[in-house]
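Q: Could you have a look at this structure, given as C-alpha cells, before my questions?
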Amino acid sequence: MPHPALHLAVEIDGDGAHPAAWRRAAHRPGELLTPRRVAKVAAVAENSGFTLVTLDDGILPPASAAAGGPAGRLGAVERAAFVAASTSVLGVAPVVATTYAEPFHVSTRLASLDHVSSGRAGWVVGVEEGPDAARAWGRPPVEGASALRREALDGLRVVRDLWDSWEDDAVIRSVATSRYLDRGRLHPIDFTGETYSVKGPAIVPRPPQGRPVVLAPAGLVPPELVDVALVEGTSPALLGEAAAASGAPLAFAEIEVALDTPDEPAAERIGDLERYAAWEAAPGQPSGRLRYTGSAAGLADLLEELSDVVDGVRLHPLVLDEDLAVLSRLVLPELFVRRVAARPLPGTTLRTALGLPRPESRFTTAPPATRTTPGASATPAAPATPATPTASAASAASAASAASAKGILSTVAPEGNR
Amino acid sequence: MTRTDPHDVPRPDARLHFGVFFQGVNHWTVWSHPESGSQIDPASFRRVAQTAERGLFDAFFLGDGLRLRETGGRIHELDVAGRPDSLAQLSALAAVTHRIGLVSTSNTTFNEPGDLARRLASLDLLSDGRAGWNVVTTDNAWTGANFRRGGFLDHADRYRRAEEFLTVARAIWDGWADGAVADSADARAWSVPGSVGRVRAAGAQFDVDLVPTLPRSRQGHPVIFQAGDSPEGRDFAARNADVIFSAHGQDFDDALAFAEDVRRRLRAAGRPQDALRILPGTEIVIGATEKEAEEKARWVRLEQVTPATALAVAGRVWNMDLSGRDPDGPLPAEDPVVVEDTGAFGSSRIADPRTVAAEWRAKAEANGWSLRETVIALGPQRGHVGTPSGLADTFTRFARHGAVDGFNISPYLIPDGLDDIVDLLVPELQERGVYRTSYTGTTLREHLGLRPPA
Numbered sequence: 001m002p003h004p005a006l007h008l009a010v011e012i013d014g015d016g017a018h019p020a021a022w023r024r025a026a027h028r029p030g031e032l033l034t035p036r037r038v039a040k041v042a043a044v045a046e047n048s049g050f051t052l053v054t055l056d057d058g059i060l061p062p063a064s065a066a067a068g069g070p071a072g073r074l075g076a077v078e079r080a081a082f083v084a085a086s087t088s089v090l091g092v093a094p095v096v097a098t099t100y101a102e103p104f105h106v107s108t109r110l111a112s113l114d115h116v117s118s119g120r121a122g123w124v125v126g127v128e129e130g131p132d133a134a135r136a137w138g139r140p141p142v143e144g145a146s147a148l149r150r151e152a153l154d155g156l157r158v159v160r161d162l163w164d165s166w167e168d169d170a171v172i173r174s175v176a177t178s179r180y181l182d183r184g185r186l187h188p189i190d191f192t193g194e195t196y197s198v199k200g201p202a203i204v205p206r207p208p209q210g211r212p213v214v215l216a217p218a219g220l221v222p223p224e225l226v227d228v229a230l231v232e233g234t235s236p237a238l239l240g241e242a243a244a245a246s247g248a249p250l251a252f253a254e255i256e257v258a259l260d261t262p263d264e265p266a267a268e269r270i271g272d273l274e275r276y277a278a279w280e281a282a283p284g285q286p287s288g289r290l291r292y293t294g295s296a297a298g299l300a301d302l303l304e305e306l307s308d309v310v311d312g313v314r315l316h317p318l319v320l321d322e323d324l325a326v327l328s329r330l331v332l333p334e335l336f337v338r339r340v341a342a343r344p345l346p347g348t349t350l351r352t353a354l355g356l357p358r359p360e361s362r363f364t365t366a367p368p369a370t371r372t373t374p375g376a377s378a379t380p381a382a383p384a385t386p387a388t389p390t391a392s393a394a395s396a397a398s399a400a401s402a403a404s405a406k407g408i409l410s411t412v413a414p415e416g417n418r
Numbered sequence: 001m002t003r004t005d006p007h008d009v010p011r012p013d014a015r016l017h018f019g020v021f022f023q024g025v026n027h028w029t030v031w032s033h034p035e036s037g038s039q040i041d042p043a044s045f046r047r048v049a050q051t052a053e054r055g056l057f058d059a060f061f062l063g064d065g066l067r068l069r070e071t072g073g074r075i076h077e078l079d080v081a082g083r084p085d086s087l088a089q090l091s092a093l094a095a096v097t098h099r100i101g102l103v104s105t106s107n108t109t110f111n112e113p114g115d116l117a118r119r120l121a122s123l124d125l126l127s128d129g130r131a132g133w134n135v136v137t138t139d140n141a142w143t144g145a146n147f148r149r150g151g152f153l154d155h156a157d158r159y160r161r162a163e164e165f166l167t168v169a170r171a172i173w174d175g176w177a178d179g180a181v182a183d184s185a186d187a188r189a190w191s192v193p194g195s196v197g198r199v200r201a202a203g204a205q206f207d208v209d210l211v212p213t214l215p216r217s218r219q220g221h222p223v224i225f226q227a228g229d230s231p232e233g234r235d236f237a238a239r240n241a242d243v244i245f246s247a248h249g250q251d252f253d254d255a256l257a258f259a260e261d262v263r264r265r266l267r268a269a270g271r272p273q274d275a276l277r278i279l280p281g282t283e284i285v286i287g288a289t290e291k292e293a294e295e296k297a298r299w300v301r302l303e304q305v306t307p308a309t310a311l312a313v314a315g316r317v318w319n320m321d322l323s324g325r326d327p328d329g330p331l332p333a334e335d336p337v338v339v340e341d342t343g344a345f346g347s348s349r350i351a352d353p354r355t356v357a358a359e360w361r362a363k364a365e366a367n368g369w370s371l372r373e374t375v376i377a378l379g380p381q382r383g384h385v386g387t388p389s390g391l392a393d394t395f396t397r398f399a400r401h402g403a404v405d406g407f408n409i410s411p412y413l414i415p416d417g418l419d420d421i422v423d424l425l426v427p428e429l430q431e432r433g434v435y436r437t438s439y440t441g442t443t444l445r446e447h448l449g450l451r452p453p454a
C-alpha cells in the first residue's frame, strides 16, 4: 500500500470548538438554530470531502453557555437526519447518551437515521454526567464513574442487540403465503442488566449497515463493542500509544485546530476569542487533546505524520465558518493529492468508507452462504487484491460471521488499516 | 347526490384540510401488489410527502408503536410492520419538503418531557414551524417490557401523565423570551440576560428542573393532535388538542354527532368551538365510474383481507389459532377462549370476545357469509369509494355541514397511493371552492387556521 488511508471526521456542533466562536461566525447569533445554517455547514463538510460529521448533544445547555456563548442546541439526532437528507455521501454521527435515555428509543432513532441516510449513520456514545442532567431528565441520578460506565455499556448492548433483532431478510413479502414477515427471523433480545430489562425485538427493520458505526471515547465501553475509538493525547507519539492501546478496530485522534486564514494568523484569531473566554475542552478542565495552531500546510504535514499511527482524525475547528473554509480549500485537497486521505465514494455506506465489515446479525439463523443480503451498496465491495483494506474488511466480515455463529459479540479489526 | 347550494349550509366557507397517514403497521397496505414499494426506503417517505405537498395537504403523519404486534406470544407476520422513529424520519423530510406539516406520533408514557419536548422543538425549528405532535399514551406492561421504566402506569394515570407532560412541554417551549438571542457578535453574551427561564415542574408524574435550550419556532409551539375516542380521550382533546383524529368519518350522521359532541366538550372546557379541527381517518378509492370504483374497492378489500389474514383476524376474536381452517367456510363452531386481561398482552386483545363472536355468527348466518366474507364485511368501514366528482360532492357536504374539518387519508398503496387523490379529487374540490388552491401560510398552524399559542 502506498500510504495508510486517514479517515477524516469533523465535529460541527455550535459555531466551533471555542466557547466564544460565535463572535467570529459569519452569521447572526440567532441564525445558529435554523435549518439554513445546519444545511450550509453540512454542505461545506460534504463538499470538502470529509467522510463524516459528528454532532454533539446533551439535554443540558451546551458548555459554551457558561462562558457567555451559545445557550441553544438542536437535537443531534434530528439535526443528523436533516443533514442526511440534505447530503448524499457524508456520514452523520450524533452524540447520544444512554445514561438516562431509554435504550429502546436510542436504538430506534439510530437505526432510523441509518435508514434515512441509506447507510451513512454513526453513533458517538456519550455520557450525561452530573446532577443537573438527572434533574433535567427528572430521573434518579446515576452517580459515579462505574455507574455511568454501566449505563453506557448496558445501553450499548441493548442498542446493538435491537439492531440485530431483525435479520436482514426478515421482510419476505411472500405473496404465496400472505406473509409480510418471517417471524422466525425476528428475535426478542431478552436483555437483563443490573438496573433494567428490555424484551425486543426492535420496531424498525435492521439498519442498512447492519449496525450503524459506533464511535466512543477510548475506555468508556469495551473496545470489542465499538468500531472507532476516539483517542486523546497531546502529541503524535501519545496518540499513537493511545490508538494502539484502544483495542478497537479503528482509532481516531481528537485534534483541535485553529488555522491561519488569508487575513489573520491562527494565534491572533485565538487571542481575539481569548478576550472573552478560555478555550478549554470542558469548563474547568484542561484539554488532553492535541491542539494544532498554524498554517494549512503544517496541518497537512501533521495529519500525514499521524496517518502512520492512527486510522483517522476527528477535527474540532476553532471557528467553523473560518476554519472549515481553510480545511476545505487548502488542507483536504492537499491530503487528497498526497493520498493520505480519500473522499468517500458516492453510493457507499459509512462502514464501507471506513473499511469496516458489515456485521452479520448475531441472531442469524441461516448459514451465511445461503443468504442474500439486501442492498448491494450496504455490502463491502468484493476484494480486488488481498492487500487492499477492502479485502481485509471482507475477510473480517467472514471472521465476524464465524464469531457471531459462536455467539460472540464482536467485530474483527480489519488488518492493515493502521 | 345533488350538489348542495353552497349558501344553504351552516358553513358555506368551509375548507377541507387533508393529511396523509403513512401507515407502518397494519394489514391495510396492499404490499402484495407489484406497484407496492418499500415501507422503509427513504424514497417511499419522500415520494408520499412530496405528492401530498403537491396536493396542498396540511400534514404528513407518522404513527408510532413501541412493540411489535403479537398474539399469544407470536409476532403478526401477515401485516406490514417495521417503521422508523418518527422524529428522525420527519426531520429528514423537513429537508426535502417546504410547506407540508410534519406530525410525529410520540408517546407520553415512555418518554420524558425534557427530552421529548426538545426533540419536537428541534423538528419544529428544522422545518421552520411545520411540526405537529400526535399525543398518545400506553397503559400496558406488555409495551413497558421494552423500557427501563417498565409497565408503570395504570389506565387512569396515563391521561394524567399525558396532561402533566403537555404542561411541562409547553413550559419548555415557552422557556425563551422573544429576542432571547443577541443581535450581534458584539453583545455582552450570546443570550440576552434574563431571557431564558428555568422550568421547574413537580407534580404527581414529574419532578423536572431544567433550562430549555431552544427558542420558539415560527408557529410558537408544535400543533397538538389527539386520537382518543373514549370519553376521557375526547375530554383530553377538548382541553389540550388543536386537532382531533377519529374513526368517525365514514357515515355523515355519525361524523356530525361526533363533531357536535366534541364541540360540546370544547365549550365545557372553556375553549372557543373553532379551536379544534376534526380530522377523521379515511381510505379513499377512486374510479372513473361508480361501478369501476366499487370493483376497485372490492379488489382492495380482498387484497387487504387475504384468506390467511381473515383467519388471523378471526383467530384474534376467538383467541385461538385458526390457521388450518377453511377461510371460505363458516365461522368456528367453538366458543371463543376468554382470557383475563392482565395488561400483559398486545394491543390486539378483544375486550369481550363472546359478544363479538355472537354478533359475527348472527350476521354471517343472516347473510350467508363465509368466514372471510364476514371479516371483510364486519371489519372497520374504512373509507369512501366513488368518482372524483361524487367524492368531492360528499366531502363538500361533510365540510359545509360541520361534520368534519377534513380527512386524514391512509393510502392503501405505498408510495404511489396518493397520486389519484391529488391528481383527480383535489381539483374537483378546488372547483367547488372547498379546498385551497395554494398554500397561503408557511406553518402547520397557519395551514389549519389555528391561533398562535398564548
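These protein sequence lines are chains A and B, in that order. Be aware that the first sequence starts at 1, since it is given in the UniProt record's numbering, and climbs by one per residue. Be aware that the second sequence starts at 1, since it is given in the UniProt record's numbering, and climbs by one per residue. Glycine included, every Cβ here is placed at the ideal spot set by N, Cα and C.
What does the alpha-carbon distance come out to for the pair P452/B and F60/B?
A: 20 Å
Q: Alpha carbon to alpha carbon, how far is W28/B from V338/B? Give it in angstroms, no decimals.
A: 27 Å
Q: What does DSSP give as the partner residues of S165/A in its beta bridges?
A: Looking at the DSSP assignment, S165/A forms no beta bridge with any residue, so it has no partner.
Q: Run the CB neighbour count on G383/B, radius 10 Å, all protein chains shown included, and call it buried at 16 or more, exposed below.
A: buried
Q: Anything in the stretch 65-78 of chain B with a Cβ closer than 9 Å to a Cβ of chain A? List those residues in chain order, please.
A: Residues of the stretch 65-78 of chain B with a Cβ closer than 9 Å to any Cβ of chain A, in chain order: G65, L66, R67, L68, E70, R74, I75, H76, E77, L78.
Q: Check each candidate in A257/B, E292/B, G270/B, A288/B and name the one with the smallest Cα separation from I278/B.
A: Cα-wise, what sits closest to I278/B is A257/B.
Q: Checking 8 Å against the spacing of the C-beta atoms, do V83/A and V53/A come in under that value?
A: Yes; because the gap between Cβ atoms is below 8 Å, this pair is in contact.
Q: Could you please tell me which residues of the stretch 114-133 of chain A, in chain order, have their CB closer than 7 Å to any CB of chain B?
A: Here the close residues are H115, V116, S118.
Q: At the level of alpha carbons, what is the spacing between A43/A and P61/A?
A: About 26 Å.
Q: Going by Cα to Cα distance, which pick from A95/B, L444/B, F57/B, D326/B is closest to V116/A?
A: A95/B
Q: Tell me where the alpha helix (DSSP H) around G390/B begins and ends.
A: 388-400
Q: Residues of the stretch 198-232 of chain B with a CB closer than 7 Å to any CB of chain A: list them in chain order, please.
A: Hits within the stretch, in order: F206, D207, V208, D209, L210, V211, T213, L214, P215.
Q: What in chain A is Cβ-close to G114/B, meaning under 7 Å?
A: I59, A136, W137, G138
Q: Less than 8 Å between CB atoms is the rule here; does W166/A satisfy it with respect to chain B?
A: Chain B, which has a Cβ nearer than 8 Å to the Cβ of W166/A, makes this yes.
Q: Is the shortest distance between the beta-carbon of T306/B and the beta-carbons of chain E less than 8 Å?
A: No chain E is present in this structure, whose protein chains are A and B.
Q: Could you check the C-alpha separation between R325/B and R170/B for me, to the nearest Å?
A: 53 Å
Q: G91/A to G30/A, Cα distance in whole Å?
A: 26 Å
Q: If contact means a Cβ-Cβ distance below 8 Å, which residues of the stretch 48-72 of chain A contact chain B?
A: The stretch 48-72 of chain A vs chain B, Cβ under 8 Å: I59, L60, P61, P62, S64, A65, G68, G69, P70, A71, G72.
Q: If we require 3 or more residues per run, which beta strand (DSSP E) segments fall completely within the stretch 240-284 of chain A?
A: 250-259
Q: Short check: CB of A26/A to CB of G69/A, under 8 Å?
A: Their beta carbons are not under 8 Å apart, which means A26/A does not touch G69/A by this criterion.
Q: Using three-state DSSP, classify H18/A as helix, strand or coil.
A: coil
Q: Using the Cα positions of V136/B and D335/B, report the straight-line distance between them to the nearest angstrom.
A: 34 Å
Q: Count the other C-beta atoms from every protein chain shown that fall within 10 angstroms of the C-beta of N111/B, then say buried if there are 16 or more, exposed otherwise.
A: buried
Q: Tell me, to the nearest whole angstrom, how far the beta carbon of D164/A is from that of R185/A; I am working on the premise that it is less than 8 Å.
A: Not a contact, Cβ separation roughly 11 Å.
Q: I'd like to confirm the pairing. Which residues does DSSP put opposite Y292/A in its beta bridges?
A: V257/A
Q: Could you check the C-alpha separation between R120/A and A218/A for me, to the nearest Å?
A: R120/A and A218/A: Cα-Cα distance of roughly 22 Å.
Q: What residues in its chain sit with their C-beta under 7 Å from that of F45/B, if we drop five residues either side in the sequence?
A: F22, Q89, L93
Q: Residues in its own chain within less than 7 Å of P131/A by CB, not counting five upstream and five downstream?
A: Answer for P131/A: P141, listed in chain order.
Q: For a quick check, are the C-beta atoms of G101/B and R69/B less than 8 Å apart?
A: no
Q: Helix, strand or coil for A384/A per DSSP?
A: Unreliable placement is indicated for A384/A, whose pLDDT of 35 sits below 50; the coordinate value is still reported in the next sentence. Reduced to three states, the DSSP call for A384/A is coil.
Q: Which residues does DSSP list as the beta-bridge partners of L230/A?
A: P217/A, F252/A
Q: Since L181/A and I172/A should fall inside the 8 Å C-beta cutoff, what is the C-beta to C-beta distance between them, to a whole number of angstroms?
A: 7 Å
Q: Does the ligand PLP have even one heavy atom less than 7 Å from the beta-carbon of F57/B?
A: In terms of ligand content, the structure shown is empty, and the ligand PLP therefore cannot be addressed.
Q: To which residues of the same chain is R150/A closer than 7 Å at the C-beta, ignoring the five residues directly before and after it?
A: E194
Q: Step through the CB atoms of chain A and report whether any lies within less than 8 Å of the CB of T2/B.
A: Here T2/B scores only 48 on pLDDT, less than 50, and its place in the model should not be relied on; the value that follows carries that caveat. Taking Cβ atoms only, chain A never reaches closer than 8 Å to T2/B, which makes this a no.
Q: For the stretch 275-287 of chain B, enumerate the residues whose C-beta is nearer than 8 Å to any C-beta of chain A, in chain order.
A: none
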